Amino acid sequence: MALETPGCPAANALPPLASRFLKVADLPWKPTQVEGIDMKILMQDKESGLLTALFRWQPGTELPLHEHVEVEQTYVLEGSIVDAEGEVCAGDYVWRPRGNQHVARAPNGALVLSFFLKPNLFIEGYAGQTLE
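Listed below in structure tokens is the structure:
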């Protein structure tokens, strides 16, 4: 595994078994290819696809149809995320099994903490791509 926190050279320079204490406010927001969704990568392993990140959704943003290649977990810090199965609001949590497909929307915006074992795969809009 090649774990890292992009945008945090001090954490990446530590010995392999050292804990990484991050000042999340100091990490940069990185735009994704989906207009209106930015992310702060807290930890990732590019080789395996393991990812923990904050996602900031602007009001009205829609994430096109995508499939969860492995289990995805999301805790909503602010706002809400809506899809055909329901709505997850601030303070609530949702997990989706491998193979789940959906279109996600943030009608009023959202800030979420998400955990991925492997990146989602777009079926529409950015077909064949993963969220980057």
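Residue numbers in the sequence shown follow UniProt numbering, run continuously in steps of one, and reach 132 at the last position.
Idealized CB from N, CA, C, for every residue including glycine.
Fair warning: this is a prediction, and the values are worked out from it, not measured in the lab.
Looking only at C-alpha atoms, which of V76, A10, L111 and A104 sits nearest to F122?
A104
Taking only the alpha-carbon atoms, compute the straight-line gap between Q129 and Q33 and give it to the nearest angstrom.
10 Å
To which residues does DSSP link R96 through a beta bridge?
E72
In the DSSP output, which residue or residues are listed as bridge partners for C89?
S80
Return the first residue and the last residue of the alpha helix (DSSP H) that P9 is part of.
P9 to N12
I think K40 touches L54, with their Cβ atoms under 8 Å apart; what is that distance to the nearest whole Å?
Going by Cβ atoms, the distance from K40 to L54 rounds to 4 Å, so yes, they are a contact pair.
In the DSSP assignment, what residue or residues form a beta bridge with Q101?
DSSP lists E67 as the bridge partner or partners of Q101.
Does the segment 55-75 touch the segment 105-114, meaning 3 or more C-beta pairs lie closer than 8 Å?
yes
Please name the residue, chosen from V71, G86 and A11, that lies closest to N120 on a Cα-to-Cα basis.
Put simply, of V71, G86 and A11 the residue whose alpha carbon is nearest the alpha carbon of N120 is V71.
Which partner residues does T32 have in the DSSP bridge list?
Answer by DSSP bridge pairing: none, since T32 is not bridged.
With K40 as the anchor, note down where its beta strand (DSSP E) starts and where it stops.
I37 to D45
Could you compute how far the alpha carbon of A13 sits from the alpha carbon of L42?
15 Å
What are the partner residues of V24, as DSSP defines its beta bridges?
Beta-bridge pairing links V24 to no other residue.
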